[in-house]
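Residue numbers (my numbering), protein chains in the order written: chain A, 1 to 145; chain B, 146 to 225.
Think of the CB as a built atom: it goes at the ideal place given N, C-alpha and C, for glycine as much as any other residue.
Quick caveat: nothing in here was measured; it's all calculated off a predicted structure.
The next block holds one structure in the form of C-alpha cells; read it before the comments.
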C-alpha cells in the first residue's frame, strides 16, 4: 500500500496536471482516528444513532477525508518536498464506513516567486461529490551550502 | 487600471489575507507594520495577487521589493 513519495519540483509540474487515487474507509481507520482525535461523537461510532439521524450507517470522520488530502500533498502534489500551507474544504455528502471514494486533485496555479502551488480537489463516491476545496503547498528546496 | 482602483483591489486582498477589515495599505507600508506578516502569510499574499490579477511574479521581482509602494508599481507594470 505504501510507496515512496513523488519528488515533483516546480518545473516538473504544470497547471492542469491531475493526480487521483481511490481509498476505502475502513473500521481500522475509524478506530485509529478516535485515538488521534478523541472524537467519539455517536454519528461516527454508533450505527443506531447514525441511522436514527437519517444516515444509512456510521458516518466517516471528515478528518479522515482530510487525511487523504494530506496523502495527496505529501505523496503526489508535490510529494517529498511538500510543506502544506492552506486548506479550504466543503463537505457536501457523507461517506459511510466500508465505502470507497476517489480523490482527484488538479493543479490550478504555480507560483515561481513563492515556490508554491495551489490545487483544487474533489472527493467522489458512487457518483456523488462528498467534498471539494482547494489547498496551497510550498515546495521546499534544500538549504544552500 | 487606474492606480486608485488598483490600490482598492490590493487593499481588499491584504484585508482577506491578514483577516483585518480595518487594514489600509499605504505605499510606505512594510512587513514590519503588520504583525501577522510572516513567511507563510507572505506566500499567501503573493499567490492571492497572482490568482486574482492573473499575473505571475518572478522570485527576483519579489526579493527586490522594499515596501508596498514598490509592489503596487510592480503589479501595475504587469497589468499595463
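- [ ] Closer than 9 Å by beta-carbon distance: list the chain B residues that pair up with residue 8 of chain A, in chain order.
- [x] Going along chain B, no residue has its Cβ under 9 Å from residue 8 of chain A, so there is no contact; the nearest lies around 17 Å.
**Prompt:** Hey, would you say residue 191 of chain B sits closer than 8 Å to residue 202 of chain B, going by beta carbons?
**Reply:** Contact flag set, yes.
Name the DSSP beta bridge partners of residue 7 of chain A, please? In the DSSP output, where bridge partners are listed per residue, residue 7 of chain A has A:79.
Practice problem: Please report how far the alpha carbon of residue 89 of chain A lies from the alpha carbon of residue 147 of chain B, in whole angstroms. | Solution: Whole-angstrom Cα-Cα distance: 35 Å.
### Assigned secondary structure, residue 224 of chain B (DSSP; H/G/I helix, E/B strand, else coil)
Here residue 224 of chain B sits in helix by DSSP.
Compare the beta carbon distance of residue 9 of chain A and residue 188 of chain B with 8 Å and say whether it is the shorter of the two. Their beta carbons are not under 8 Å apart, which means residue 9 of chain A does not touch residue 188 of chain B by this criterion.
| task | State the start and end residues of the unbroken beta strand (DSSP E) segment that holds residue 107 of chain A. | result | Segment 100-111, the beta strand (DSSP E) holding residue 107 of chain A.
Query raised in the report: Taking 8 Å as the CB-CB limit, is residue 82 of chain A close to chain B?
Result: No, residue 82 of chain A does not count as interfacial toward chain B.
Query - Sub-8 Å separation of residue 77 of chain A and residue 107 of chain A beta-carbons - result: A contact, by the Cβ cut-off of 8 Å.
Taking Cβ to Cβ, would you say residue 96 of chain A is nearer than 8 Å to residue 56 of chain A? Against a cut-off of 8 Å, the Cβ pair of residue 56 of chain A and residue 96 of chain A comes out as a contact.
Practice item. Let me know the secondary structure DSSP gives residue 126 of chain A once reduced to three states. Key: In this structure, residue 126 of chain A counts as coil in the three-state DSSP scheme.
Next on the checklist: Is the separation between the beta-carbon of residue 173 of chain B and that of residue 215 of chain B shorter than 8 Å?
Outcome noted: Their beta carbons are not under 8 Å apart, which means residue 173 of chain B does not touch residue 215 of chain B by this criterion.
Worksheet entry | Helix, strand or coil at residue 23 of chain A according to DSSP, with G and I counted as helix | Strand.
Query raised in the report: From which residue to which residue does the alpha helix (DSSP H) around residue 197 of chain B run?
Result: In this chain, the alpha helix (DSSP H) harbouring residue 197 of chain B covers 184-198.
- Message: Assuming residue 52 of chain A is part of the alpha helix (DSSP H), what are its boundary residues?
- Response: Its alpha helix (DSSP H) spans residues 47-52.
**Item:** Where the region 194-210 of chain B meets chain A: residues whose CB sits under 9 Å from a CB there
**Value:** Here the close residues are 195, 196, 201, 202, 203, 204, 205, 206, 207, 208.
Between residue 76 of chain A and chain B, is any beta-carbon pair separated by less than 8 Å? Not one chain B Cβ lies under 8 Å of residue 76 of chain A.
Tell me, please, whether the CB atom of residue 112 of chain A is closer than 8 Å to any CB atom in chain B? For residue 112 of chain A, at least one C-beta of chain B is nearer than 8 Å to its own C-beta.
message = List, in chain order, every chain B residue whose beta-carbon is nearer than 8 Å to that of residue 118 of chain A.
response = Ordered by position in chain B, the residues that pass the 8 Å Cβ test against residue 118 of chain A are 192, 196.
Bridge partners for residue 137 of chain A per DSSP, in chain order? Per DSSP, the beta bridge partners of residue 137 of chain A are A:84, A:117.
Open item on the list: Is the separation between the beta-carbon of residue 117 of chain A and that of residue 103 of chain A shorter than 8 Å?
Closed with: Inclusion of residue 117 of chain A and residue 103 of chain A in the CB contact set at 8 Å is not warranted, their separation being larger than that value.
What's the call for residue 93 of chain A, buried or exposed, on a 16-neighbour Cβ count within 10 Å? With fewer than 16 Cβ atoms within 10 Å of its Cβ, residue 93 of chain A is classed as exposed.
Three-state class that DSSP yields for residue 58 of chain A in the structure shown
Secondary structure of residue 58 of chain A (DSSP, three-state): coil.
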